[in-house]
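A.B. asks:
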Ligand SMILES: NC(=O)c1ccc[n+]([C@@H]2O[C@H](COP(=O)([O-])OP(=O)(O)OC[C@H]3O[C@@H](n4cnc5c(N)ncnc54)[C@H](OP(=O)(O)O)[C@@H]3O)[C@@H](O)[C@H]2O)c1
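Numbering (our numbering), first residue to last: 140 to 463.
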């Protein structure tokens with residue numbers, strides 16, 4: 140099968156389209172013929188080993204531990220492992236590959252049954268592939284860390300990004316009044332996915348407008364702890380999901396210990412229950428994937444180069460046209 144592989148860390152030039160052996164499913168896995176894979180920020184961070192600590196967080200210390208990137212896919216089940224009970228050959232599914240060693244930028248990949256979900260019939264493979272990391276991060280940040288409730292004033296910083304576009308819609312589905320922060324060119328798009336109010340970060344700093352929020356979801360991480368404190372209501376919560384620098388991360392970690400308001404960062408823990416929850420929102424029409432652009436498998440280097448520019452509008456998707 141064809142796959143995009145890399146054997147050393149570096150720029151997108153390290154990624155090579157090659158013929159590799161087609162995988163076979165373990166007892167608890169399904170083999171998926173991949174139709175679409177999402178590009179996530181984690182992919183270019185793992186490609187570059189940036190920040191350096193990525194090497195010690197499962198990336199591989201001297202060279203990449205897993206040679207095929209791509210953590211979120213959608214496709215058709217081709218074969219199932221011995222213990223698999225929920226899926227059959229021909230099922231249309233989407234899956235997260237964190238627990239199975241990634242490998243989504245390929246024509247076939249094995250996913251754990253426990254990280255695989257039937258694709259909603261009303262969405263495309265491209266829309267489904269976008270869900271796992273971006274959707275679950277937005278959900279867990281708002282619902283679990285942020286304790287979102289109906290009627291709250293919720294601000295989404297980075298509302299136009301892959302995670303932010305899910306966050307705006309999920310916050311709306313919980314009955315919040317949502318303010319999205321984005322640049323001029325994305326104001327209309329962020330309104331169109333449900334934001335009640337939009338703030339253009341090029342013209343205004345949301346932390347200096349005098350408004351306060353019950354919950355801040357920060358997908359950019361470009362503000363100080365003092366800024367968060369100023370715009371949070373007394374019992375307010377700020378959850379930082381974005382990563383800008385190690386220094387910023389340490390400051391937020393310190394704030395989570397000493398601030399009287401709840402300010403902290405979180406890392407999503409992918410689980411099937413939350414994938415199914417998001418699938419439900421999609422089936423009800425409460426949530427849709429915003430796709431910025433699609434690339435072919437041979438264009439994964441271009442896709443990751445584009446994504447690391449930091450200006451995606453929604454999700455960047457790899458379309459995989461299986462030839463066999
Ligand atoms: N904690 C977790 O578990 C977790 C999981 C997934 C992702 N993440 C992190 O979350 C962050 C966002 O991920 P993503 O996939 O949404 O990234 P992305 O798709 O690359 O999003 C980039 C978006 O940020 C916007 N943006 C850039 N500067 C901004 C600013 N100053 N104010 C407001 N918006 C700004 C850009 O809009 P313009 O083009 O208009 O500038 C663009 O739409 C990344 O740091 C990623 O590593 C964390």
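Glycine is no exception: its CB is placed at the ideal position from the N, C-alpha and C atoms. For clarity, every value in this text was computed on a predicted model and none was experimentally measured.
#1: So residue 212 and residue 171 are in contact, right, with Cβ under 8 Å, and what is the actual spacing, rounded?
#2: If you drop the 5 nearest sequence neighbours on each side, which residues of the same chain put their C-beta closer than 6 Å to that of residue 273?
#3: What does the Cβ neighbour count give for residue 463, buried or exposed, with the cut at 16 atoms within 10 Å?
#4: My assumption, with CB atoms under 8 Å, is that residue 417 sits in contact with residue 409. Please give the rounded CB distance.
#5: Report the three-state DSSP secondary structure of residue 251 (helix, strand or coil).
#6: Just checking residue 200 against ligand 1 - is the residue's beta carbon closer than 8 Å to any of the ligand's heavy atoms?
#7: Buried or exposed: residue 369, going by 16 or more other Cβ atoms within 10 Å of its Cβ?
#8: Considering Cα atoms alone, identify which of 246, 227 and 239 is closest to residue 484.
#9: Could you tell me the boundaries of the beta strand (DSSP E) in which residue 432 lies?
#10: With distances taken between CB atoms, is the gap from residue 352 to residue 318 smaller than 9 Å?
#11: When DSSP builds the beta bridges, which residues end up paired with residue 455?
#12: Report the three-state DSSP secondary structure of residue 336 (helix, strand or coil).
#13: Any chance the CB of residue 247 is under 8 Å from a heavy atom of ligand 1?
#14: Tell me the rounded alpha-carbon separation between residue 148 and residue 331.
#15: With hydrogens ignored, establish whether the beta-carbon of residue 450 is closer than 8 Å to any heavy atom of ligand 3.
#16: Use the C-beta contact count for residue 222: other C-beta atoms within 10 angstroms, 16 or more gives buried, fewer gives exposed.
C.D. replies: Inspection of the coordinates gives the following:
#1: To locate residue 212, count along the chain shown from 1; it is residue 73. To locate residue 171, count along the chain shown from 1; it is residue 32. About 6 Å; that satisfies the 8 Å criterion.
#2: As a working mapping, residue 273 is identified with position 134 in the chain shown. Contacts found: 301, 302 and 305.
#3: Taking the first residue of the chain shown as 1, we reach residue 463 at position 324. The predicted model places residue 463 with a pLDDT of 45, which falls under 50 and marks its position as unreliable, so this point remains unresolved.
#4: The count along the chain shown starts at 1 and reaches residue 417 at position 278. The count along the chain shown starts at 1 and reaches residue 409 at position 270. Wrong, their Cβ atoms sit about 11 Å apart, outside the cutoff.
#5: Numbered from its first residue, the chain shown carries residue 251 at position 112. Reduced to three states, the DSSP call for residue 251 is strand.
#6: Numbered from 1 along the chain shown, position 61 holds the residue referred to as residue 200. No, the Cβ of residue 200 stays beyond 8 Å of every heavy atom of ligand 1.
#7: The sequence position of residue 369 within the chain shown is 230, counting from 1. Exposed, by the Cβ-count rule.
#8: Limits of the chain in this structure are 140 at one end and 463 at the other, which puts residue 484 out of reach.
#9: On the chain shown, position 293 is the one that residue 432 refers to. Run containing residue 432: 430-435, per the beta strand (DSSP E) assignment.
#10: Residue 352 sits at position 213 when you count from the first residue of the chain shown. Residue 318 sits at position 179 when you count from the first residue of the chain shown. In this structure, residue 318 lies closer than 9 Å to residue 352 by Cβ.
#11: Your numbering for residue 455 matches position 316 in the chain shown. In DSSP, residue 455 forms a bridge with 178 and 432.
#12: Locating residue 336 in the chain shown gives position 197, where the first residue counts as 1. The answer is strand: DSSP assigns residue 336 an E or B state.
#13: On the chain shown, residue 247 is found 108 positions in, with the first residue counted as 1. No, since every heavy atom of ligand 1 falls outside the 8 Å radius drawn around the Cβ of residue 247.
#14: The count along the chain shown starts at 1 and reaches residue 148 at position 9. The count along the chain shown starts at 1 and reaches residue 331 at position 192. So the two alpha carbons sit approximately 39 Å from each other.
#15: This structure simply doesn't include ligand 3; it includes ligand 1 instead.
#16: Translated into the one-based positions of the chain shown, residue 222 becomes position 83. When all chains shown are included, residue 222 counts as exposed.
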